[in-house]
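Each remark here refers to the structure printed beneath this line.
Chains as they are written, first to last, in the numbering used here: chain A, 205 to 432; chain B, 14 to 852.
Put into structure tokens, the structure is as follows:
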């Protein structure tokens, strides 16, 4: 079991490759990526479209398997885990925020936030969810469904959902990409503020250089490799 | 603590069941049909059981063929309780005008009926109706006899040579259902009249039945034992309330299974709708499933979340089906109760409903579990790459689906009255379904190839037909299965109707004459020839001696029914008609052995019908022993022959050489063909010269059979159409599942400048092709199913109702094409901009 209070990187990627088949032949999405995150560190991954940023995040979070290379997440070698094993590893300790929010459409805001807590078997999931929605300023939107919320509100629910279980590691994939300027700024503030408050390490994939500049470290990707 | 999967499932279900209307309808339709069939059958069974005493006419009935009960036997019966006697025979009724008609004559004792009421019009009681009036006996007759002979109540006429007066119209007898098939209108008379009129004489085929209302304290088992001790062995039969109307009980079993089978076929056809709805639902929930997994849910939690939803919806669909299936017979019963031929107690019966529910749940499992596996196998990476959908892989869900399908088949066979037939039917449906599915796949592939040769709307239509969401492998097999069932029913019926309206009248005799005195046979031939007014040839008149006998031993050993094959047991467990013929007749149908010479006078030889011979593994040269005219006769099988019963010839199971029965002065039976005018003339003229000869009109029997078919046709086709409806539901489901993609496609086409007619034409091509494929394949499979039934089971002439078959193909194409047009109109009705923005 990974203990964030003990020394050791919560995430390391060692020579990770991903090749996908396509009609025109195999496509190399990632080409020998080495990457790591320290406890509580905030890392921004930037690069042009198609450079492999989101794929890197998916592999790092155990959502996707690499074709080659090693991924170590919270002290576990992911290649040794099946899909269910990786899901159990994420429970309550690894969270994701997506550009398209990916809220569960048939659950209310409160239920969406409570879902990962419930999956992790945490007590008082409802109360925790309400508290977190309060922290993101949505205390009056508890019973609203995703389609009844604006984009900014949906992303705030997603952020509350991601952080409610106090993860060791938060992955955010273009979290402000679908938002207007004001909402984007608000959500960005919340991400950094709440990640710091929960002491979660943060891996932030973004196009936004100003947002990336708020991170402790910026990693640039191009052509499936880390450029700098 | 509520399990997490149940909590998540309930939250998901709050969105409503909109996407599951077809799922619910498919399940409800099949379950409703099975439940309605079972409930209706149960209502008839309960009706028969509730009136078993009336139907039987007492607690116990004893049937004695060909003789009356002796005084000793009557004394033994009287010791058991109150007894009524009835003797049944056939005779010719003749009006003063000379009009004649065969009647079913029944003489009853004064104690009749012991149970229930005889319904009469024109007389206050049975005794009043049957009381003599001068030299004429009183009788109650059915209205058709009065109509046929031009008589009214109070008129005198003859039955045989006995003068009678029609006192009452016979509307109903309480024990009518427990008696058999009728060749003519019924006449109820006193037992004294029937006995005194010579209708119970030796040589005439008649039977007497004693019905006993048991004394208090005498059980049916005790009565049965006492009767068995009283009667000599052989011939007679005892029935009690449990076996009051065995023929109807069998008919109800078969009817239930046929209707239930159609319901099951509907469930299977609708299964594609169930499977499609689950697949479409999981496709729409792909992102949710992937999100759940990104949040830490494992495959089992994701699968169980959706499994619980599908299970709850399946329970709802089954519940709707049960409600419909339970209510439909109640409503139908209220509407037609007075017209039913069999008593029925319409109510809600739990057992058939439970059975229907089990069928529905197993079908839901068989068709839902495999697509549900996708919830477990959809990877969280689907959030990033939409093309990643969970595939159906070998896993607990697929194994569960296969087990449910096997259990469904087992249940269908286990609950069937005839297991082998049920297994063939289930296997046939499964095979047909697989063939239709493969045809759909092949059609989709062919459409993909053919689209290169086309342009414009046709290319769009064919491209859609070849695409991943093609209706060719969803709606086409389901509609095809419905069409196949309908086609099989239409073709079987058309062949059987053609048999009774065209083939049988050509092949069968028009008239059968029975009870011709053996010593007046030549005079009878002359009388018939006179009435026809022309010389008769073997092509339109044949006469044979006839006797009744029973096979009592085979190869020297007494008959052991257990060793006789069921298919031919009829020849060994009852008296059968036989004849004695010298030279080999035309169309003798010899399949083994050689016919004897006309002058043969050696040890008795017999020609035997092949299925009867096969049942006891008899071969040429084997010995059989007959109980004939009160003595045992050993004969050697000389010929095994194929007999086409109902043809114009000596269609006897057994034919002996004439020397074997020399000196017996056998009664004769004759068959004749002629015009309706000749038939009427000979029937009338024989009244003067041979009043005791019964004239049976085969033409009338065929007409009655045709009327029966006509009445059944609509009901049977209506029932089969339920399976067709399931196919249309699947089509609707396929259209609904693709509605969003279709709206986008139509919007894109409009943006590209396509006119409405071009979009409509593209959809008409696609769905018209689906309907045509389903129609053609379905009708072809219907042919394959109907042919063996018509030719091998009914041994009828194969006659194709081309108009019906073409109508089915055109109907399938038109209905599916119309479905496609409706889908196109719905897609075109949406403005392109919002549709494209939504994507």
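Think of the CB as a built atom: it goes at the ideal place given N, C-alpha and C, for glycine as much as any other residue.
Everything numeric in this text was worked out from a predicted model, so none of it was measured.
Determine the DSSP secondary structure at residue 315(A), reduced to helix, strand or coil. To locate residue 315(A), count along the first chain from 1; it is residue 111. Correct three-state label for residue 315(A): helix.
With 8 Å set as the bound, which would you pick, yes or no: does the beta-carbon of residue 258(A) sit closer than that to a beta-carbon of chain B? For the purposes of this step, residue 258(A) is taken as residue 54 along the first chain, with counting starting at 1. Taking Cβ atoms only, chain B reaches closer than 8 Å to residue 258(A), which makes this a yes.
When the Cα atoms are used, what is the spatial distance from residue 205(A) to residue 245(A)? Translated into the one-based positions of the first chain, residue 205(A) becomes position 1. Translated into the one-based positions of the first chain, residue 245(A) becomes position 41. Because residue 205(A) carries a pLDDT of 38, less than 50, the predicted location of this residue cannot be relied on, and the following value inherits that uncertainty. Cα to Cα, the separation comes out at about 20 Å.
Neighbour list for residue 753(B) in chain A, Cβ cutoff strictly below 8 Å: Position 740 of the second chain, counted from the first residue, corresponds to residue 753(B). Correct list: empty, because the minimum Cβ distance to chain A is about 15 Å.
For residue 81(B), which three-state DSSP category applies? Along the second chain, read from residue 1 onward, the residue named residue 81(B) stands at position 68. Residue 81(B): coil per DSSP, three-state reduction.
Given residue 236(B), which residues of its chain have a CB within under 6 Å of its CB, disregarding the five upstream and five downstream residues? For the purposes of this step, residue 236(B) is identified with residue 223 of the second chain, where counting begins at 1. The answer, listed in chain order, is 73, 93, 227.
Chain B contacts from the segment 315-328 of chain A (Cβ-Cβ distance under 8 Å): 315, 319, 320, 322, 323, 324
In the structure shown, what three-state DSSP assignment does residue 234(A) receive? Taking the first residue of the first chain as 1, we reach residue 234(A) at position 30. Residue state, collapsed to three classes: strand.
Classify residue 347(B): buried if its beta carbon has 16 or more other beta carbons within 10 angstroms, exposed otherwise. What you label residue 347(B) is simply residue 334 of the second chain in a count that begins at 1. When all chains shown are included, residue 347(B) counts as exposed.
For residue 275(A), tell me which candidate among 394(A), 239(A), 312(A) has the shortest Cα-Cα distance. What you label residue 275(A) is simply residue 71 of the first chain in a count that begins at 1. When only C-alpha atoms are compared, the closest one is 239(A).
Mind checking if residue 214(A) is an interface residue toward chain B, Cβ cutoff 8 Å exclusive? Here residue 214(A) refers to the residue found at position 10 of the first chain. No - not a single Cβ of chain B is within 8 Å of the one on residue 214(A).
Residue environment, residue 110(B), which counts as buried when at least 16 other CB atoms sit within 10 Å: Working through the second chain from its first residue, we reach residue 110(B) at position 97. Residue 110(B) comes out exposed.
Can you tell which of 756(B), 258(B), 814(B) has the C-alpha that lies nearest to the C-alpha of residue 835(B)? Locating residue 835(B) in the second chain gives position 822, where the first residue counts as 1. Checked all of 756(B), 258(B), 814(B); the closest Cα to residue 835(B) is 756(B).
Residue 101(B) classed as buried or exposed, judged by whether at least 16 other C-beta atoms fall within 10 angstroms: Taking the second chain and counting its residues from 1, the one referred to as residue 101(B) is at position 88. Buried, because 16 or more other Cβ atoms sit within 10 Å of the Cβ of residue 101(B).
Which residues, in chain order, does the segment 297-309 of chain A contribute to contact with chain B at a C-beta distance below 7 Å? 300, 302, 306, 308, 309
Show which residues of chain B have a CB atom less than 7 Å away from the CB atom of residue 217(A). Counting from 1 along the first chain, the entry for residue 217(A) is found at position 13. Correct list: empty, because the minimum Cβ distance to chain B is about 16 Å.
With hydrogens ignored, establish whether the beta-carbon of residue 815(B) is closer than 7 Å to any heavy atom of the ligand MG. Ligands are entirely absent from the displayed structure, and the ligand MG is therefore not among its contents.
With residue 540(B) and residue 549(B) assumed to form a contact (beta carbons below 8 Å), what rounded beta-carbon distance in angstroms separates them? Position 527 of the second chain, counting from 1, holds the residue named residue 540(B). Position 536 of the second chain, counting from 1, holds the residue named residue 549(B). Actually they do not touch by this definition, with Cβ atoms about 11 Å apart.
For residue 710(B), which three-state DSSP category applies? Your numbering for residue 710(B) matches position 697 in the second chain. In the structure shown, residue 710(B) sits in a strand (DSSP, three-state: E or B).
Span separating the alpha-carbon of residue 602(B) from that of residue 657(B): Counting from one through the second chain, the residue named residue 602(B) turns up at place 589. Counting from one through the second chain, the residue named residue 657(B) turns up at place 644. Looking at the two C-alpha atoms, the distance is approximately 8 Å.
With residue 564(B) and residue 584(B) assumed to form a contact (beta carbons below 8 Å), what rounded beta-carbon distance in angstroms separates them? Against the second chain, residue 564(B) aligns to sequence position 551. Against the second chain, residue 584(B) aligns to sequence position 571. Between residue 584(B) and residue 564(B) the Cβ distance is about 7 Å, and since that is below 8 Å, they are a contact.
Please state whether DSSP places residue 124(B) in a helix, a strand or coil. Reading the second chain from its first residue, position 111 is the one you call residue 124(B). Coil at residue 124(B), not helix or strand.
Please list, in chain order, the residues of the segment 299-313 of chain B that have any C-beta partner in chain A closer than 9 Å. 300, 301, 303, 304, 305, 306, 307, 308, 309, 310, 311, 312, 313
Could you tell me which chain A residues have their CB closer than 7 Å to the CB of residue 393(B), listed as they occur along the chain? As a first step, residue 393(B) is located in the second chain; it is residue number 380 there, counting from the start. Here the neighbours are 267.
Given this structure, state the Cα-to-Cα distance separating residue 208(A) from residue 320(B), to the nearest angstrom. Counting from one through the first chain, the residue named residue 208(A) turns up at place 4. Counting from one through the second chain, the residue named residue 320(B) turns up at place 307. Note on residue 208(A): pLDDT 44, under 50, position unreliable in the model; the coordinate value appears next. Looking at the two C-alpha atoms, the distance is approximately 37 Å.
Which residues of chain A have a Cβ atom closer than 7 Å to the Cβ of residue 410(B), listed in chain order? Locating residue 410(B) in the second chain gives position 397, counting from the first residue. Per Cβ cutoff of 7 Å: no residues; residue 410(B) is ~15 Å from chain A at best.
Delimiting residues of the beta strand (DSSP E) encompassing residue 221(B): For this step, residue 221(B) is matched to residue 208 along the second chain. Start and end: 220-227.
Interfacial residues, the segment 269-293 of chain A to chain B, with Cβ spacing under 7 Å: 287, 288, 291, 292
Go ahead and label residue 678(B) buried or exposed: buried means 16 or more other beta carbons lie within 10 angstroms of its beta carbon, across all protein chains shown. For the purposes of this step, residue 678(B) is identified with residue 665 of the second chain, where counting begins at 1. With fewer than 16 other Cβ atoms within 10 Å, it is exposed.
Classify residue 439(B) as buried or exposed, calling it buried when 16 or more other Cβ atoms lie within 10 Å of its own Cβ. The count along the second chain starts at 1 and reaches residue 439(B) at position 426. It counts as buried.
Taking the C-alpha atoms as reference points, what is the distance between residue 37(B) and residue 308(B)? Taking the second chain and counting its residues from 1, the one referred to as residue 37(B) is at position 24. Taking the second chain and counting its residues from 1, the one referred to as residue 308(B) is at position 295. Computed Cα separation, rounded: 31 Å.
For a contact meaning CB atoms closer than 8 Å, what does residue 274(B) contact in chain A? Position 261 of the second chain, counted from the first residue, corresponds to residue 274(B). The premise fails here: residue 274(B) is roughly 39 Å from chain A at the closest Cβ pair, so nothing lies under 8 Å.
Segments of 3+ residues assigned as beta strand (DSSP E) that fall wholly inside the segment 517-550 of chain B: 524-529
Of all the options 616(B), 570(B), 631(B), which has the alpha carbon lying nearest to the alpha carbon of residue 623(B)? Position 610 of the second chain holds residue 623(B). Nearest of 616(B), 570(B), 631(B) to residue 623(B), Cα basis: 631(B).
Three-way DSSP call (helix, strand, coil) for residue 306(A) in this model: Working through the first chain from its first residue, we reach residue 306(A) at position 102. Residue 306(A) falls in the coil class under three-state DSSP.
Within the 8 Å Cβ cut-off, does residue 451(B) reach chain A? Taking the second chain and counting its residues from 1, one reaches residue 451(B) at position 438. Cβ-Cβ to chain A under 8 Å: no for residue 451(B).
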